[in-house]
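See structure below.
In our numbering, the protein residues as written are 4 to 360.
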């Protein structure tokens with residue numbers, strides 16, 4: 004298949020897509036940026052030497068794919084409106100999540116009518132730690148029964164959690180307990196079931212409207228309790244660990260179980276925070292783009308993926324409605340505790356409190 008001409012729509016998180024596209028010039032040709040014309044978008048256009056377009060009508064006629072990295076209507080933007088206009092012009096569209104189910108269904112409907120590919124993008128599915136967690140979860144399912152799940156996450160990434168767990172094989176409609184436990188710290192506690200599997204959710208439902216992606220108490224923490232141990236994802240960048248169930252044996256004999264390590268790190272990385280965001284995020288985005296390339300070559304999207312995206316959106320909406328609006332907070336701490344090593348200094352940097360509104 005020919006190299007695809009790609010437009011990026013949106014200049015904030017869209018820069019990660021620009022970098023990802025440039026990682027594979029055999030399949031993708033970055034042909035421009037669609038944005039409102041802010042100073043940031045002009046800087047981005049100059050930095051990567053790409054044309055800046057201010058409206059869909061001015062896009063090149065040979066545009067194959069548009070990456071729409073603009074908030075959707077359910078999240079305070081017009082991303083879906085832009086997606087649907089592009090689809091109606093015969094352009095394949097990959098849209099950054101989150102998107103409400105009603106908008107997803109409409110975009111998929113229009114894509115079928117116009118014979119193009121539409122899909123949402125969840126880069127987190129392709130981060131190494133999450134890929135490792137999915138791999139080991141798949142192996143464990145045939146060896147041990149999954150009894151219970153604990154999910155801790157922030158509201159900013161809540162949609163992606165339901166997309167990830169659907170790809171872990173956890174399908175069905177979210178069934179909620181009758182109440183939310185609030186005001187017991189930064190997390191709301193919610194008990195749910197998904198296809199009869201009990202799940203405890205610790206939901207960090209707080210947001211600073213002026214710095215919406217800063218100071219999340221956590222992004223993800225997953226703990227899957229199997230009959231034979233606990234598979235854990237500590238955060239989006241890892242580590243992934245396995246802790247076997249403890250068996251206290253008689254001192255008169257030593258079993259094979261006792262020869263196991265009490266705790267195993269399955270995946271970890273040595274990247275610093277800048278490298279995590281700059282390298283692993285762009286690589287993960289590229290994997291989503293390469294899946295789009297594959298679907299375009301096939302002439303159709305994987306229907307299981309499309310159905311999974313809609314189901315994940317419905318469960319996300321159910322949780323969001325049940326938990327209520329996020330608590331607005333008006334401060335954030337730009338503060339880091341630095342652990343050089345446990346044998347050396349433990350220090351704190353950039354410690355200050357900022358008020359924003």
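From the three backbone atoms N, C-alpha and C, an ideal C-beta is built for every residue, glycine too.
Because the structure is a prediction, the values reported are computed rather than measured.
- Contact holds between the region 203–210 and the region 156–168, because three or more Cβ pairs, one in each stretch, are under 8 Å apart.
- Restricting attention to 98, 224, 279 and 18, the CA atom closest to the CA of residue 131 is found in 279.
- As DSSP reads the structure, residue 191 sits in a beta bridge with 206.
- For the pair residue 87 and residue 233, the Cα-to-Cα distance works out to about 43 Å.
- The beta-bridge partner set that DSSP reports for residue 228 consists of 151 and 233.
- For residue 322, the enclosing alpha helix (DSSP H) begins and ends at 306–326.
- Within the region 118–186, the complete alpha helix (DSSP H) segments of 4 residues or longer fall at 131–144 and 161–170, listed in chain order.
- Taking 4 residues as the minimum length, the alpha helix (DSSP H) runs contained wholly in the region 8–88 are 17–24 and 42–51, in order along the chain.
- Between residue 119 and residue 70, the C-beta gap is not smaller than 8 Å, which leaves the two residues out of contact.
- Residue 77 and residue 102 do touch by the CB rule: their CB atoms are close to 7 Å apart, below 8 Å.
- Only residues of its own chain outside the window of five on either side were considered, and among them 90, 91 and 93 have a CB closer than 7 Å to the CB of residue 117, listed in chain order.
- For residue 102, the three-state secondary structure derived from DSSP is coil.
- For residue 301, the enclosing alpha helix (DSSP H) starts and ends at 284–301.
- Going by DSSP, residue 243 is part of the beta strand (DSSP E) stretching over 243–247.
- Judged by their CB atoms, residue 55 and residue 38 are nearer to each other than the 8 Å cut-off.
- Going by beta carbons, residue 144 and residue 230 fall outside the 8 Å limit.
- By the Cβ neighbour-count rule, residue 28 is exposed, with fewer than 16 other Cβ atoms within 10 Å of its own.
- According to the DSSP assignment, residue 269 belongs to the beta strand (DSSP E) that extends over 267–270.
- In this structure, residue 133 places its C-beta atom within 8 Å of the C-beta atom of residue 236.
- Between residue 227 and the set 277, 295, 129 and 248, the nearest pair of CA atoms involves 248.
- Only residues of its own chain outside the window of five on either side were considered, and among them 4, 7, 67, 68, 95 and 120 have a CB closer than 8 Å to the CB of residue 299, listed in chain order.
- Residue state for residue 200 is assigned as strand, using DSSP reduced to three classes.
- Closest in alpha carbon position to residue 319, among 122, 31, 176 and 182, is 176.
- Under DSSP, residue 96 takes part in a beta bridge, and its partners are 69 and 121.
- The C-beta of residue 30 has 16 or more other C-beta atoms within 10 Å across all chains shown, which makes the residue buried.
- Taking C-beta atoms under 8 Å as the contact rule, residue 284 and residue 19 qualify, at a distance of about 6 Å.
- DSSP, read as helix, strand or coil, puts residue 274 in coil.
- DSSP, read as helix, strand or coil, puts residue 107 in helix.
- Between residue 200 and residue 173, the beta carbon gap of about 7 Å places them in contact (Cβ cut-off 8 Å).
- Residue 135 sits away from residue 21, with the two beta carbons spaced by 8 Å or more.
- Around the C-beta of residue 266, fewer than 16 other C-beta atoms lie within 10 Å, and the residue is accordingly described as exposed.
- Between residue 325 and residue 146 the beta-carbon gap is near 34 Å, outside 8 Å, which marks them as no contact.
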